[in-house]
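Residue numbers (full-length UniProt numbering), protein chains in the order written: chain A, 1 to 112; chain B, 1 to 441.
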């Protein structure tokens with residue numbers, strides 16, 4: 001099993017979620033995140049004083065899938081999140097040792 | 001003279017409107033600070049209501065409006081206000097309203113002047129120090145200055161003894177000098193003694209709630225009709241003129257500030273609109289009963305433009321007047337006071353003067369400058385001394401750790417929001433246990 005972590009633009013979350021559902025993914029975890037990368041920050045002006053805001057709001061999507069589905073799901077996320085402009089985000093894949101469903105105690109792919 | 005129901009109703013209503021300006025300031029300022037200090041910002045205004053009201057009844061009204069004959073400060077003959085009951089208001093003439101109505105109307109001015117100062121010291125002032133400062137400042141600075149400007153003699157219980165600036169002929173209808181220049185100069189003195197916030201000029205100190213700022217400015221705008229039109233002390237022509245000029249100068253102030261922002265920064269901002277409104281309101285305050293509506297539009301627009309530039313000066317001059325009490329209230333007050341020397345016209349008010357644009361002489365401008373300068377110098381000087389005494393006794397500032405963690409928690413043991421960057425912990429804020437402090441065990 002692998003956990004796929006995607007950092008995406010907040011307004012692309014809906015597209016990514018739709019793409020995941022189309023691939024038969026039954027669940028994922030979404031959290032708000034902030035960070036910086038090549039996109040850089042932006043400036044805001046208050047009473048003539050310029051503030052550079054370095055950390056940009058992003059959304060982190062995490063989904064655990066069976067090894068066989070990893071490539072397809074990653075492709076779906078990338079396709080859903082892409083705008084082609086700087087700041088579209090990153091996706092990475094990490095091995096997962098075990099997964100347990102809390103309610104039933106099922107383990108491994110059964111728990112997905 | 002009999003009590004006029006109409007005049008009395010208007011002055012009592014106006015007094016309530018002016019009271020509303022202080023919570024208005026609390027929201028105006030509260031929205032501009034970070035979420036970790038909004039409660040302290042609001043509390044400074046509310047403490048001003050508490051302290052100034054009690055002192056006003058005890059001896060403040062008497063010091064401001066009783067006749068001592070020295071022109072500088074009143075005496076203690078009207079302490080407690082009981083002596084006013086059953087009398088008509090007298091201030092440079094008799095008004096058909098109860099003296100108590102006049103006393104309450106004037107109280108609201110004293111409150112908001114103190115509350116205005118709090119914007120300079122956001123995020124860092126000990127609450128005890130603020131309380132002592134508010135009591136001492138209103139006694140040593142506001143009460144005398146109100147006497148100078150607002151006391152036209154022949155007071156409530158007889159006698160002459162107008163304030164020396166009123167005697168000199170300074171035109172200040174509703175408090176450009178006594179309220180705005182006074183508060184601005186005090187704020188400047190206080191922050192010079194107190195020092196900057198940690199990280200000033202280095203870390204972003206973004207307003208945490210611009211809707212609060214606009215809400216506060218709107219409450220101020222609404223209340224200001226009481227402030228200016230109420231200062232006519234009657235439901236009459238002058239009140240309607242002051243009302244009209246207040247409306248149009250504020251509108252022009254919004255436009256003036258936004259135009260400067262659009263040209264200079266590229267964006268017209270909501271903070272700029274709220275600030276421009278307040279700048280226009282401040283500038284028209286002394287002038288509202290002495291200028292024609294076109295003059296009011298000019299004064300408001302000029303104030304909006306000048307204040308939009310003035311608020312950026314603190315970064316170059318290196319003092320942390322956190323919410324621009326100096327840039328908006330002192331500068332706006334000076335603009336309004338001096339422009340009376342140009343735009344005043346007896347066409348609209350026979351009791352006023354003619355400024356330079358209406359065939360008047362430089363003397364009008366000279367007298368206005370003396371009024372503005374005297375109040376500024378007195379307020380600044382006394383406040384510096386007061387601030388230094390507090391600094392070396394009770395201390396002016398909270399500790400560095402407390403300031404960085406947020407003054408709301410340190411001083412009030414509360415956090416404004418149960419979400420957001422600090423103070424609140426989102427869903428984690430519900431983790432813990434509820435306890436009750438018990439005594440005697």
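For glycine and all other residues, C-beta sits at the position ideal for the given N, C-alpha and C.
What you are looking at is a predicted structure, and each value in this text was computed from that prediction instead of being measured.
- [ ] Give the range of the alpha helix (DSSP H) segment to which residue 147 of chain B is assigned.
- [x] Here residue 147 of chain B refers to the residue found at position 147 of the second chain. Taken as a continuous stretch (DSSP letters only), the alpha helix (DSSP H) holding residue 147 of chain B covers 143-150.
TODO: Kindly say whether residue 40 of chain A, judged by its beta-carbon, lies nearer than 8 Å to any beta-carbon of chain B.
DONE: Here residue 40 of chain A refers to the residue found at position 40 of the first chain. No, because no Cβ of chain B sits closer than 8 Å to the Cβ of residue 40 of chain A.
Open item on the list: What does the Cβ neighbour count give for residue 66 of chain B, buried or exposed, with the cut at 16 atoms within 10 Å?
Closed with: Sequence index remark: in the second chain, residue 66 of chain B carries index 66 (1-based). Buried, since its Cβ has 16 or more Cβ neighbours within 10 Å.
- [ ] Out of B:147, B:264 and B:250, state which residue places its alpha-carbon closest to the alpha-carbon of residue 283 of chain B.
- [x] Along the second chain, one-based indexing puts residue 283 of chain B at 283. The shortest Cα separation from residue 283 of chain B among B:147, B:264 and B:250 belongs to B:250.
Task: C-alpha gap between residue 43 of chain A and residue 346 of chain B, whole angstroms - done: Walking along the first chain from the start, residue 43 of chain A turns up at place 43. Walking along the second chain from the start, residue 346 of chain B turns up at place 346. So the two alpha carbons sit approximately 49 Å from each other.
Task: According to DSSP, residues forming a beta bridge with residue 92 of chain A - done: Translated into the one-based positions of the first chain, residue 92 of chain A becomes position 92. Answer by DSSP bridge pairing, in chain order: A:5.
TODO: Using a Cβ-Cβ cut-off of less than 7 Å, give me the residues of the region 47-68 of chain A that come near chain B, in sequence order.
DONE: 47, 48, 49, 51 and 53
- [ ] Starting from residue 58 of chain A, follow the beta strand (DSSP E) in both directions and report where the run begins and ends.
- [x] Numbered from 1 along the first chain, position 58 holds the residue referred to as residue 58 of chain A. Unbroken beta strand (DSSP E) run through residue 58 of chain A: 56-65.
Open item on the list: Comparing C-alpha positions only, which one of A:100, A:40, A:46 and A:69 sits nearest to residue 58 of chain A?
Closed with: Indexing the first chain from 1 puts residue 58 of chain A at position 58. Out of A:100, A:40, A:46 and A:69, A:40 has the C-alpha closest to the C-alpha of residue 58 of chain A.
Open item on the list: If the criterion is Cβ atoms closer than 8 Å, does the pair residue 301 of chain B and residue 256 of chain B meet it?
Closed with: As a position in the second chain, residue 301 of chain B is number 301, starting the count at 1. As a position in the second chain, residue 256 of chain B is number 256, starting the count at 1. It is a contact, given that the beta carbons lie within the stated cut-off.
Open item on the list: Does the CB of residue 45 of chain A have a neighbour CB from chain B at under 8 Å?
Closed with: Translated into positions along the first chain, residue 45 of chain A becomes position 45. Answer yes: the Cβ-Cβ gap between residue 45 of chain A and chain B drops below 8 Å somewhere.
- [ ] Compute the distance between the beta-carbons of residue 84 of chain B and residue 64 of chain B, then report whether it is under 8 Å.
- [x] If you number the second chain from 1, residue 84 of chain B lands on position 84. If you number the second chain from 1, residue 64 of chain B lands on position 64. Going by C-beta atoms, residue 84 of chain B is not nearer than 8 Å to residue 64 of chain B.
TODO: Would you grab the beta carbon distance between residue 506 of chain B and residue 116 of chain B for me? Rounded to a whole angstrom, and I think it's under 8 Å.
DONE: The structure shown has nothing for residue 506 of chain B, since chain B only spans 1 to 441.
Task: Pairwise C-alpha distance: residue 68 of chain A and residue 273 of chain B - done: Position 273 of the second chain, counted from the first residue, corresponds to residue 273 of chain B. Position 68 of the first chain, counted from the first residue, corresponds to residue 68 of chain A. When rounded, the distance between both Cα atoms is 58 Å.
- [ ] Kindly list the residues whose CB is nearer than 6 Å to the CB of residue 454 of chain B, restricted to its own chain and excluding five residues on each side of it in sequence; keep chain order.
- [x] The question about residue 454 of chain B has no answer here: the residues shown for chain B are numbered 1 through 441.
Open item on the list: I'd like the span of the alpha helix (DSSP H) that includes residue 97 of chain B, first residue to last.
Closed with: Numbered from 1 along the second chain, position 97 holds the residue referred to as residue 97 of chain B. That residue, residue 97 of chain B, is in no alpha helix (DSSP H); its beta strand (DSSP E) goes 94-98.
Task: 7 Å Cβ cut-off: residues of chain A touching residue 417 of chain B - done: For this step, residue 417 of chain B is matched to residue 417 along the second chain. Going along chain A, no residue has its Cβ under 7 Å from residue 417 of chain B, so there is no contact; the nearest lies around 16 Å.
Task: Cutoff 6 Å; reference residue 375 of chain B; Cβ partners in own chain excluding five residues on either side - done: Along the second chain, one-based indexing puts residue 375 of chain B at 375. Here the set comprises 145, 177, 181 and 182.
TODO: From the DSSP output, in three-state form, read off residue 1 of chain B for me.
DONE: The residue given as residue 1 of chain B occupies position 1 in the second chain. Looking at residue 1 of chain B - three-state DSSP - the assignment turns out to be coil, as it is neither helix nor strand.
Task: Among B:151, B:137 and B:52, nearest to residue 92 of chain B - alpha-carbon criterion - done: If you number the second chain from 1, residue 92 of chain B lands on position 92. Out of B:151, B:137 and B:52, B:151 has the C-alpha closest to the C-alpha of residue 92 of chain B.
Task: Within-8 Å CB hit, residue 264 of chain B to chain A - done: The sequence position of residue 264 of chain B within the second chain is 264, counting from 1. Chain A, which has a Cβ nearer than 8 Å to the Cβ of residue 264 of chain B, makes this yes.
Open item on the list: Counting only Cβ-Cβ distances shorter than 9 Å, please list the residues of the region 266-286 of chain B near chain A, keeping chain order.
Closed with: 266, 267, 269, 271, 272 and 275
Open item on the list: So that I know if they touch, is there some Cβ in chain A lying closer than 8 Å to that of residue 315 of chain B?
Closed with: As a working note, residue 315 of chain B is residue 315 in the second chain. It does: the Cβ of residue 315 of chain B has a partner Cβ on chain A nearer than 8 Å.
Task: Contacts of residue 196 of chain B in chain A (Cβ-Cβ under 7 Å) - done: Taking the first residue of the second chain as 1, we reach residue 196 of chain B at position 196. Within 7 Å Cβ-Cβ: nothing; residue 196 of chain B doesn't reach chain A, min ~14 Å.
Open item on the list: Can you tell me whether residue 171 of chain B is helix, strand or coil according to DSSP?
Closed with: Your numbering for residue 171 of chain B matches position 171 in the second chain. Coil.
Task: Contacting residues, own chain, Cβ-Cβ under 8 Å from residue 276 of chain B (five flanking each side not counted) - done: Here residue 276 of chain B refers to the residue found at position 276 of the second chain. So the qualifying residues of the chain are 253, 254, 255, 256, 257, 258, 304, 307 and 308.
- [ ] Return yes when the Cβ of residue 174 of chain B is within less than 8 Å of the Cβ of residue 379 of chain B, no when it is not.
- [x] Walking along the second chain from the start, residue 379 of chain B turns up at place 379. Walking along the second chain from the start, residue 174 of chain B turns up at place 174. No; because the gap between Cβ atoms is not below 8 Å, this pair is not in contact.
Open item on the list: Determine whether the beta carbon atoms of residue 6 of chain A and residue 87 of chain A lie at a separation below 8 Å.
Closed with: By one-based count along the first chain, residue 6 of chain A stands at place 6. By one-based count along the first chain, residue 87 of chain A stands at place 87. No, Cβ-Cβ distance for residue 6 of chain A and residue 87 of chain A is not below 8 Å.
TODO: Would you please verify whether the beta carbon of residue 211 of chain B is less than 8 Å from any beta carbon of chain A?
DONE: Locating residue 211 of chain B in the second chain gives position 211, counting from the first residue. It does not; no Cβ of chain A falls within 8 Å.
Open item on the list: Measuring only the C-alpha atoms, how far is residue 201 of chain B from residue 315 of chain B?
Closed with: As a working mapping, residue 201 of chain B is identified with position 201 in the second chain. As a working mapping, residue 315 of chain B is identified with position 315 in the second chain. Rounded to the nearest angstrom, the two C-alpha atoms are 7 Å apart.
Task: Residue burial classification, residue 165 of chain B (beta-carbon count within 10 angstroms, cutoff 16) - done: Walking along the second chain from the start, residue 165 of chain B turns up at place 165. With 16 or more Cβ atoms within 10 Å of its Cβ, residue 165 of chain B is classed as buried.
TODO: In angstroms with no decimal places, state the Cα-to-Cα distance between residue 123 of chain B and residue 54 of chain A.
DONE: Numbered from its first residue, the second chain carries residue 123 of chain B at position 123. Numbered from its first residue, the first chain carries residue 54 of chain A at position 54. In a straight line, the C-alpha of residue 123 of chain B is about 23 Å away from that of residue 54 of chain A.
TODO: Output, in chain order, the set of chain D residues within a Cβ distance shorter than 9 Å of residue 206 of chain B.
DONE: Reference to chain D is not applicable here, since the protein chains of this structure are A and B.
Task: residue 310 of chain B - DSSP class collapsed to helix/strand/coil - done: Counting from one through the second chain, the residue named residue 310 of chain B turns up at place 310. Looking at residue 310 of chain B - three-state DSSP - the assignment turns out to be helix.
Open item on the list: Less than 8 Å between the beta carbons of residue 191 of chain B and residue 172 of chain B, yes or no?
Closed with: Sequence index remark: in the second chain, residue 191 of chain B carries index 191 (1-based). Sequence index remark: in the second chain, residue 172 of chain B carries index 172 (1-based). Contact flag unset, no.
TODO: Pull up the DSSP beta-bridge partners for residue 35 of chain A, would you.
DONE: Along the first chain, one-based indexing puts residue 35 of chain A at 35. Beta-bridge pairing links residue 35 of chain A to A:56.
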